[in-house]
Structure formats: C-alpha cells, structure tokens
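Just below is one structure, and these are the notes that go with it.
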Amino acid sequence: MEEKGTSKPVRLVGVGASEGAVVGPAFVYAAGKLEPERESISEGEVEDELERFREAIEAVAEKLSETRDRLEESAGEEEAAIFDAHVELARDPELSSGVEGHVRDLMSPEAAVLAVGEEYAALFAGMDDEYMAARADDVRDVASQIAAELMGRGAEGLEALEIPSVILARSLAPSDTARIPRGMALGFVTAEGSKTSHVSIMARSMEIPAVVGVGAHLQEAFDAETVAVDGGEGYAVVNPDTDTVAKFERKQEAMAEEQAALEEFKHVEARTRDGDRVEVSANLGSADEAEDALSWGAEGVGLFRTEFLFMEREELPSEDEQYEAYRKVAEAFGERPVIVRTLDVGGDKDLPGVDQPEEENPFLGWRGIRMSLETPELFKPQLRAILRAGVNGNLKIMFPMVAEVEELRKAREILDQCREELRSEGAEVGPVEVGVMIETPAAAICAADLAREAAFFSVGTNDLVQYTLAADRGNERLRNLHRADHPAVLKLIGETCETAREAGIWVGVCGEAAGEPDLIPKLVELGVTELSMSAPSIPQAKKAVSEL
Ligand code: PEP
Ligand code: MG
3 MEEKGTSKPV
13 RLVGVGASEG
23 AVVGPAFVYA
33 AGKLEPERES
43 ISEGEVEDEL
53 ERFREAIEAV
63 AEKLSETRDR
73 LEESAGEEEA
83 AIFDAHVELA
93 RDPELSSGVE
103 GHVRDLMSPE
113 AAVLAVGEEY
123 AALFAGMDDE
133 YMAARADDVR
143 DVASQIAAEL
153 MGRGAEGLEA
163 LEIPSVILAR
173 SLAPSDTARI
183 PRGMALGFVT
193 AEGSKTSHVS
203 IMARSMEIPA
213 VVGVGAHLQE
223 AFDAETVAVD
233 GGEGYAVVNP
243 DTDTVAKFER
253 KQEAMAEEQA
263 ALEEFKHVEA
273 RTRDGDRVEV
283 SANLGSADEA
293 EDALSWGAEG
303 VGLFRTEFLF
313 MEREELPSED
323 EQYEAYRKVA
333 EAFGERPVIV
343 RTLDVGGDKD
353 LPGVDQPEEE
363 NPFLGWRGIR
373 MSLETPELFK
383 PQLRAILRAG
393 VNGNLKIMFP
403 MVAEVEELRK
413 AREILDQCRE
423 ELRSEGAEVG
433 PVEVGVMIET
443 PAAAICAADL
453 AREAAFFSVG
463 TNDLVQYTLA
473 ADRGNERLRN
483 LHRADHPAVL
493 KLIGETCETA
503 REAGIWVGVC
513 GEAAGEPDLI
523 PKLVELGVTE
533 LSMSAPSIPQ
543 AKKAVSEL
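By the count of our numbering, the sequence shown reaches residue 550 at its end, each step adding exactly one.
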C-alpha cells in the first residue's frame with residue numbers, strides 16, 4: 003500500500019467554475035482514464051502478483067456487495083440489482099484468466115486488468131443488443147476499480163461514497179456526477195473542463211464549489227487527505243495547513259454575509275431603472291430542484307435540461323415517469339413559464355440504455371435534435387409527456403442544437419403528430435409554445451427563417467461560444483477563448499435579437515453567460531429580455547438588472 007497523505011500543502015490553479023469555499027476530505031475518483039503505475043513485472047514477482055490480483059478482485063467484489071446491500075435498504079431492489087451485475091463482472095472467470103495470462107507474460111496486474119477490461123468493453127460496445135452495449139462502461143468501471151485497488155488507491159465507484167468529500171478527478175461526465183449519492187459531494191476539482199463544461203454546470207446546480215481545468219498538476223493531489231476548494235477564485239489547496247483552513251473559514255463567513263446582503267433582491271420582479279422587465283429564471287437539471295429554484299427567486303424556468311432525468315438511471319424513463327417530472331415542475335411554477343428542453347444527448351453527455359456511436363468529434367456529432375429526429379422511440383414519448391403535463395401549468399418546449407430550419411419543421415411535425423395522437427386517445431393536451439435554442443452559429447445567422455416558426459429564442463452561449471470560436475468547451479487550454487463577450491459572439495447575439503425583434507418574438511439567454519453580472523448589461527442592451535441561470539446566481543443577477 004502506498005503511504006497516504008503528505009503534510010505539504012500544494013496549490014492547484016484552475017478555473018473557478020462554481021462559487022463557494024469548502025475544506026473537506028479528498029476522494030480521488032480514479033476510474034475512467036486510470037493509468038497503471040507499472041507496466042511490467044519481473045519473473046520472480048509473478049506468483050505474488052497473481053495472489054495480489056485475486057485479493058484485489060475479492061476486495062472490490064466485497065465493496066460492491068456492501069454497496070448493493072446499502073442501496074437495497076435505501077433505494078430498493080431494482081437499483082441494488084445494478085450492483086449484482088458489477089459483482090459478477092468483478093468475479094468473471096474470463097476476465098481473471100485473461101489478466102492472469104498477461105501477468106504470466108510479465109505484465110503488471112494493474113496494466114493487465116485495464117487492458118483486458120478495455121478489450122471486454124470494446125466487445126460489449128460492439129454488440130447489437132442495446133442493453134449489452136451499455137454494459138461497456140460497467141466493465142471499464144469494474145476493471146478500473148480493481149486496478150485502483152491494486153495500486154493502493156482503493157478508489158470505489160462514486161455511488162459508494164459514504165463521507166461527504168471533495169471529489170478529485172481527471173474529468174467528471176454528467177453520468178458520473180449523477181451517480182454521487184445526495185449530499186456526498188462537497189466540491190469538485192478536475193484536471194479537465196472549463197466554466198461551461200457540464201461538470202461546472204452540475205456543480206452550480208448542486209450548489210457546491212468547483213475548480214476545473216487544473217491540468218496535469220492534479221496528479222500531485224492523488225495522495226491527498228484534505229482539500230480546500232475556492233470555486234470563486236479558481237484554486238484548490240491540497241493538504242492545507244491550519245492557516246489556510248482558517249482563511250477558508252473566514253471566506254465562508256464573508257460569503258454568507260454577501261448572500262445575506264443579496265437577500266432583498268431574491269423575491270423582487272427584475273426591472274431596469276427605466277422599468278423594463280427582464281425575467282430572471284432558473285436552469286434546472288431535475289424536477290427536484292424546482293422548489294429550491296423558487297426559494298432563490300426564480301421567475302420561471304428558462305431551461306430544464308431533461309437529459310439528466312435520463313442519466314440518473316440505467317434504463318430509460320417511461321412516458322408516464324417523464325410526465326410526472328414535467329408536471330411536478332409545471333405545478334411548482336404555476337403561471338410562470340417553464341421551458342422544457344428536449345433531450346440534448348451527445349457531446350459529453352452519454353445516455354445509458356441508448357446505443358450511441360463512437361465519434362471522432364462528439365461535440366460536432368449526433369447530438370441534440372439531430373439524434374431526437376432519428377430516434378422517434380425516444381423523442382415521441384418525451385413530447386407526449388410534455389404536452390400532457392402542459393395542462394398543469396405554463397410549459398413551453400425548446401429544441402437544442404438546431405442548425406437549420408428543416409430540423410425545426412420536422413420536430414414540429416412530430417410534435418403535431420403527438421398532439422393528434424393524444425387527442426384521439428382522449429388525453430388532455432396543454433397549449434405548449436415552441437422555441438429554439440440559438441447555440442450554433444448557423445441558427446444565429448439564419449435566425450430569420452427560424453423566427454417564422456418559433457415563439458421564442460433562447461441563446462445557449464455555452465455552445466455558441468465553442469462553435470463560434472472553434473474552442474472545445476471542455477478544453478482547459480483554451481480558457482482564454484471561452485468568452486461570451488468575444489465580439490463575434492456578441493455580434494451573433496445582437497443580430498439574433500434584431501431579427502427576433504422584427505419578427506415579434508422574444509430572446510432569452512440560458513447559457514452560463516446569463517448569470518454573469520459583468521455580462522448582463524451587454525446582453526440586456528442587445529435586446530435580451532430573459533436570463534436563465536443556476537439558481538444561486540439569481541439574486542445577484544436581479545441586482546445587476548436593477549442597476550441598469
Ligand atoms: C448552452 O449550450 O449554452 C446550453 C445552455 O446548453 P448546454 O449547456 O446544456 O449544452
Ligand atoms: Mg448547449
């Protein structure tokens with residue numbers, strides 16, 4: 003076992019992705035791109051290493067079984083069953099014999115289990131059966147856990163986290179963050195990512211501090227015991243000394259005071275000094291966040307990212323389950339608008355249970371509306387669920403990643419079909435307006451065509467920035483290019499607003515730029531009349547609007 007913990011503080015500098023300061027125990031999430039510490043072993047080590055490998059399998063299988071039992075109590079038999087499959091995978095005789103063969107050929111067991119796991123995962127991924135294909139990630143996960151155990155890191159799956167911790171990882175996909183038990187993540191520190199990566203968005207909606215894009219220096223934190231995270235300034239201190247801990251405590255107090263000062267803005271209607279109304283709304287990732295968003299003063303929901311409903315689980319939610327989620331948010335907000343965005347899977351968001359192709363450039367790939375139009379078995383139940391839930395409040399639909407008007411027309415046709423089908427089934431249907439996200443330069447440039455067929459636009463600056471500046475939103479090296487105030491981006495937003503004004507429709511912004519007090523004056527000046535953001539940013543945004 004590697005000795006854990008050095009007392010020397012190490013400072014990691016990255017991008018402040020979610021405000022807040024916290025000090026807590028470190029949890030190194032080593033799954034995913036785990037690298038073996040040693041590639042090879044000597045002839046004399048073979049028997050000992052084989053023994054260590056068998057012990058590691060048992061240790062991992064036991065931990066997985068414990069998680070299974072705990073989940074059975076807290077969440078039920080169905081959720082727990084996922085872990086039965088993981089235990090089986092850990093003890094799979096073919097996996098073991100594959101690894102043992104490599105170890106006898108003098109490969110280190112950690113390198114061998116990662117290599118065999120990858121071979122297996124590729125086999126699964128290539129299967130026609132959707133369910134089996136989705137098991138590829140499970141195999142990678144289990145193989146990584148065995149490798150981590152062999153390297154003394156003892157990293158377990160995120161779902162097994164039992165102590166509230168700061169999670170350190172190379173990267174965290176939405177499917178990773180969705181697996182963290184509620185309340186167990188105190189903060190995130192990741193090597194990769196930018197302010198608009200989904201890990202940052204998730205951190206903001208979970209209301210925990212995050213520093214992303216610290217780069218390769220993250221490795222210096224792999225033996226950390228405690229980590230302090232400042233998600234506002236964008237740095238973390240590994241193994242902080244007592245002075246640093248005291249400084250963080252003072253920071254927490256100061257932030258609490260700042261929040262208290264913003265209290266008076268929470269529940270006011272946002273207006274400029276001239277009395278112009280700017281709606282300040284919340285971005286939601288799940289129906290459970292609705293009440294919290296209201297308590298921060300949300301005047302509506304400008305973006306309900308529905309893909310997270312699909313990610314929190316192994317199988318796809320049914321139409322009725324989706325209906326329940328949309329109804330819950332619609333009812334919570336009453337007459338206030340709730341914009342439900344249809345599935346935006348692809349890019350960095352995988353969907354368990356859906357056969358997504360391996361792509362060279364996922365952000366330029368089969369994403370958002372492109373996928374929905376080609377998978378009516380996913381798209382139609384979602385549209386039906388939204389239409390049905392529309393009876394219970396003021397729901398609107400919004401389509402993501404639209405690049406040409408034909409996509410919008412096809413989506414609207416399918417929506418009309420769903421409406422007709424529901425009516426002929428005797429179901430009640432709500433008057434749901436249709437809007438479009440402006441997040442590709444093509445949509446901004448051709449906004450006039452889209453405006454003829456849409457009731458509103460919502461600018462997704464996160465994607466609009468990455469596509470306009472050709473700068474992957476997850477690439478920390480390009481952080482200087484991740485700017486919604488770049489002249490090219492502002493020009494596209496300005497032109498979109500101008501076109502919308504001529505067509506008589508309104509424009510909102512639901513990308514992260516909407517919650518940045520420095521950008522709000524510019525967005526409002528360009529003609530944006532709705533700003534949607536992670537809920538804790540709402541009071542500050544209302545204050546910024548009131549000062550215009
Ligand atoms: C955006 O691209 O700005 C947006 C709001 O959508 P997402 O971040 O989910 O891609
Ligand atoms: Mg987007």
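Yeah, the Cβ is synthetic: ideal placement off N, Cα and C, and Gly gets one too.
Computed from a predicted structure; not experimentally measured.
N-terminal and C-terminal residue of the beta strand (DSSP E) that residue 228 is part of: 228–232
Please state the DSSP three-state secondary structure of residue 212. strand
Just how far apart, CA to CA, sit residue 339 and residue 65? 45 Å
Rounded C-beta distance between residue 410 and residue 438? I'm assuming under 8 Å. 6 Å
From residue 196 to residue 17, what distance separates their C-alpha atoms? 7 Å
Quickly, what does DSSP pair residue 305 with across the bridge? List them, please. 285
Beta-carbon gap between residue 548 and residue 267 smaller than 8 Å: yes
On the DSSP bridge list, what partners appear for residue 439? 460
CB of residue 363 to nearest heavy atom of ligand 2: below 7 Å? no
From residue 213 to residue 281, what does the alpha carbon distance come to, in whole angstroms? 29 Å
Is any heavy atom in ligand 2 found nearer than 7 Å to the beta carbon of residue 451? no
Between the beta-carbon of residue 2 and the beta-carbon of residue 539, is there less than 8 Å? Absent from the model: residue 2. The displayed extent of the chain is 3 to 550, so no value can be given.
Inter-residue spacing [alpha-carbon to alpha-carbon] between residue 330 and residue 387: 12 Å
Find out if the Cβ-Cβ distance for the pair residue 493, residue 299 is shorter than 8 Å. no
Can you tell me whether DSSP reads residue 95 as helix, strand or coil? helix
Is any heavy atom of ligand 2 found at a distance shorter than 7 Å from the C-beta of residue 383? no
Three-state secondary structure (DSSP) at residue 275? coil
Pick out the complete alpha helix (DSSP H) segments inside the stretch 316–362, 4 residues or longer, and give them in chain order. 321–335
With DSSP as the reference, please indicate the residues paired to residue 398 in a beta bridge. 341 and 435
Whole-Å CB distance - residue 507 paired with residue 459, under 8 Å assumed: 7 Å
Near residue 495, which residues of its chain fall below 6 Å by C-beta distance, leaving aside the five closest residues on each side in sequence? 461 and 528
Return yes when the C-beta of residue 185 is under 7 Å from any heavy atom of ligand 1, and no when it is not. no
Identified DSSP bridge partners for residue 109: 42
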